[in-house]
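Residue numbers (our numbering), protein chains in the order written: chain A, 51 to 316; chain B, 789 to 1475.
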């Protein structure tokens, strides 16, 4: 089991680093990118999720394994509400997909979140909790467990940019604690516009992702500097005997607003 | 190379699966031909031991990731006294929280740990029989008389099977792990080098995970060893060593050994001296050092007895001899140093465990242990004062500190007050948290290698509340399939795109609106549904989810080729398991939640089968529910006489059971299409 789990972790890491963007012909200049990064960084947080991964075989639980995941998150409300990738913070989904090919044994994975910690650009930290999950959109909304002392800088969801195929985008994220929560950025381009079942922007795959960690859960901006969406994972459901796969996409910002409203209403 | 050494107790369940696969593959291997022993003698030997042979189920504590975690495993043992004392391995039962023993007549009863000795890997347990109950026993033989080629029987519970016997011959009476395996030629248990004290009886009777602690038996029906390892050959602890250790464990609960603080190695090939034991190292501050023994000395005699350690096989015997010296009484050593003999007297002290037991400090998110003398020396410390951090939980208070505490750090002060032991740390934690809620900052001074650090740890627990809410979305209560081009053509609907209804949920809005299985949905609110390939399967649900809950949707439907419009109210999607109310029972050690729409079995026509109960969501490994085999996904429908339809009723039923302190509580459980009774016997330890 340990070997299999190690393999799964390694494979998950590979998925995280193997899919993303290629630089080159985009029209976002380094200077423009840096300015946009500096402007948006206060609203890009680092989210650290500690969970217990439990594997169940035919209804019998194995000993839980501790998991520690760091990814980026976008502050979307001055109260400290953060949106990030649900799959990115809950790797049980990934393990489940990986083990689903063992058809003769009923393996199930569950991830019980024990702690969520958010670190903001100014170095302040707060403990968070998952306020709402949306599997359709692959987003989790995280709110502070105790009200923050002062409002925090948030991204503006009210006037999102629409993207078309080959449009350049600036992906902005934040690395984890081993990289001192450094803001990260990557210039990429939309390689496809998915319209079914809902609009999402595809990103190209490239080893370049390893140069810019922390982009999952981060924000995507158009060349005009407007927020286009959030980098999340789109799970490709198996058709026939094909295994499930996961790819990185940009979820349009306009999709986030209704979910955010549900949380704010509460 | 590390994988060649196996302690054959068995973990579950992944380990069981692997072990069974191993077992199956080994069936194909044939054993070499040899003269078979007299069947009558074999039967007689088995008959003498089998009644005393026990299978042991153990719930053990493991310490990792800053926490104490319970796990289940299985091993073997044999009863050696008629009042219920049984011998087994330390690695089977030494860290047991709970022990269950199954006798040869299939009777199961609880047992308790009497004492354990990681250095010899021997533990003794006592069966909790009825008052005055007498048990069948097996007797020890003299392992010093065992010869290579003797017929032997390995008895125990391989892979936790019931009492079983395999046969073979003694292959090696002086089995040690060879230098060739270096650096993997050590078997350590909790810091103790088992091979420094034990020279195994190697044999070829098959043993597997689960045989650990079971007897190796000669054809006179005597225990000549306790099976412990599988290293290509099977390996048993000689009975003479096992018997003496067991006797001391029964008498004192622990083994008292002498310690001098010296290590020996075989004489060098280049040495002109042939007999004696070469002193390799002398621990600083140890009795050996105080007596003036130095590295490089050759020990010629101990208390007048000549010693000879020319080969690795002789090291364990020498160590056994030193360990048996009387504690506190001077021992005379004749040494050869620089070609001259000299005599010194060393006063052995009582040997302590290499590593004191760990303890979970939940308020700190770490596990810790006291510092033994040997640990202090290995850590290059003069003092044993302090608390050794063994493991740290990610995201816990110790890990959150800046700088964070790490495994291997030694806490020496909290809040300016010295911390000399785990007991001190517990006291200072209680004092720190008294009358306070949440986390309390504490200034912590700790050592990391040779440096002294300061950090602030926010001590205390602040468990996360995970409301687990999912975004509420609209739902069309039907099951569907994409109308693929092939299916459309076969139905005479060439060119039509959309979804075919495969199930209409009973009592829901779609049924009320008149939708039927076989209907083809071609548009939603006038918008054509362009689904024609299997990968479009999410399209209808996704369109629906984008509409408000409670709104109506106009569906264009083809029924038997004729178009019609149906207006359906879009319901809120059923709640997911994560969102359901749940109840955690600390007495029974499982969590259950209310049943969801998706949990209930449905008939092909979409009707729900009336299953009422609560769903078991998690079962703590090694907990009482797990021991009784309650499974994740089981639906509990009754507890004792009480019907259970939701977690509130479950709570009431379990609290009633707690009040009555029932010795066992019977759960009626639905598992798939079957029903079974699960009998849980909680400990009722908490108030």
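Where is the CB? At the ideal position from N, CA and C, for every residue including glycine.
On a predicted model such as this, the values are computed, not experimentally measured, just so you know.
Check, Outcome
"Bridge-paired residues (DSSP) for residue 1412 of chain B", "Paired residues: none, contrary to the question."
"With 16 other Cβ atoms within 10 Å as the buried cut-off, status of residue 878 of chain B", "buried"
"Nonlocal neighbours in the same chain, by C-beta distance under 6 Å from residue 201 of chain A, ignoring five residues either side", "128"
"When B/1438, B/1211, B/1230 are compared against residue 1144 of chain B, the one with the closest alpha-carbon", "B/1211"
"C-beta contact flag for residue 222 of chain A and residue 268 of chain A at 9 Å", "yes"
"Cβ pair count under 8 Å reaching 3, the segment 842–851 of chain B against the segment 861–881 of chain B", "yes"
"Proximity to residue 312 of chain A [Cα-Cα], best of A/230, A/131, A/228", "A/131"
"Residue 1378 of chain B and residue 1407 of chain B closer than 9 Å at C-beta", "yes"
"CB contact flag (residue 734 of chain B, residue 856 of chain B, <9 Å)", "This structure cannot settle anything about residue 734 of chain B, because the visible part of chain B is limited to 789 through 1475."
"Within-9 Å CB hit, residue 1261 of chain B to chain A", "yes"
"Residue 1333 of chain B: contacting residues in chain A (beta-carbon distance under 8 Å)", "186"
"7 Å Cβ cut-off: residues of chain B touching residue 106 of chain A", "1420"
"Nearest neighbour of residue 1090 of chain B, chosen from B/1099, B/1060, B/1068, B/1048 [CA to CA]", "B/1048"
"Inter-residue spacing [alpha-carbon to alpha-carbon] between residue 1123 of chain B and residue 1132 of chain B", "8 Å"
"Residue 1344 of chain B beta carbon less than 9 Å from that of residue 1368 of chain B", "no"
"Interface flag, residue 811 of chain B vs chain A, CB-CB below 9 Å", "With a pLDDT of 41 at residue 811 of chain B, under the threshold of 50, the predicted position of this residue should be treated as unreliable, and no value is reported."
"Given 8 Å, three or more beta-carbon pairs between the segment 152–166 of chain A and the segment 98–116 of chain A", "yes"
"Chain B contact residues for residue 302 of chain A, given Cβ-Cβ distances below 7 Å", "Neighbours of residue 302 of chain A on chain B: none; closest Cβ ~12 Å, over 7 Å."
"Cβ-Cβ distance between residue 854 of chain B and residue 1182 of chain B below 9 Å", "yes"
"Classification of residue 192 of chain A by the beta-carbon crowding that lies within 10 angstroms, buried from 16 upward", "buried"
"Residues in the segment 1307–1327 of chain B having any Cβ partner in chain A nearer than 9 Å", "1318, 1319, 1321, 1322, 1323, 1324, 1325, 1326, 1327"
"Residue 53 of chain A burial status per 10 Å Cβ neighbour count (16 or more: buried)", "Confidence is the limiting factor: at residue 53 of chain A the pLDDT is only 48, short of 50, which leaves the residue's position unreliable and the question unanswerable from this model."
"Start-to-end residues for the beta strand (DSSP E) that takes in residue 915 of chain B", "910–915"
"Distance between residue 1017 of chain B and residue 945 of chain B (C-alpha atoms, nearest Å)", "14 Å"
"Test item: CB-CB of residue 947 of chain B and residue 991 of chain B under 9 Å", "no"
"Cβ pair residue 183 of chain A, residue 136 of chain A closer than 9 Å", "yes"
"Under 7 Å by beta carbon: chain A residues contacting residue 859 of chain B", "113"
"Amino acids of chain B, ordered along the chain, whose beta-carbon sits closer than 9 Å to that of residue 172 of chain A", "Result: empty, since nearest Cβ-Cβ is about 16 Å, beyond 9 Å."
"Neighbouring residues, chain B, relative to residue 309 of chain A (Cβ below 9 Å)", "1259"
"N-terminal and C-terminal residue of the beta strand (DSSP E) that residue 840 of chain B is part of", "Counting along the chain, residue 840 of chain B falls outside any beta strand (DSSP E), and DSSP gives it neither H nor E."
"Residue 1276 of chain B versus residue 1461 of chain B - alpha carbon distance", "36 Å"
"Residues from the segment 1178–1190 of chain B in contact with chain A, defined by Cβ distance under 9 Å", "1181, 1182, 1183, 1184, 1187, 1188"
"Sequence-distant residues of the same chain with beta carbon closer than 6 Å to residue 1288 of chain B, five excluded per side", "1269, 1271, 1308"
"contact_flag[the segment 1345–1364 of chain B, the segment 1410–1422 of chain B] where n(CB pairs < 8 Å) is 3 or more", "no"
"Cutoff 9 Å: residue 232 of chain A Cβ touching any chain B Cβ", "no"
"Whole-Å CB distance - residue 833 of chain B paired with residue 1008 of chain B, under 8 Å assumed", "7 Å"
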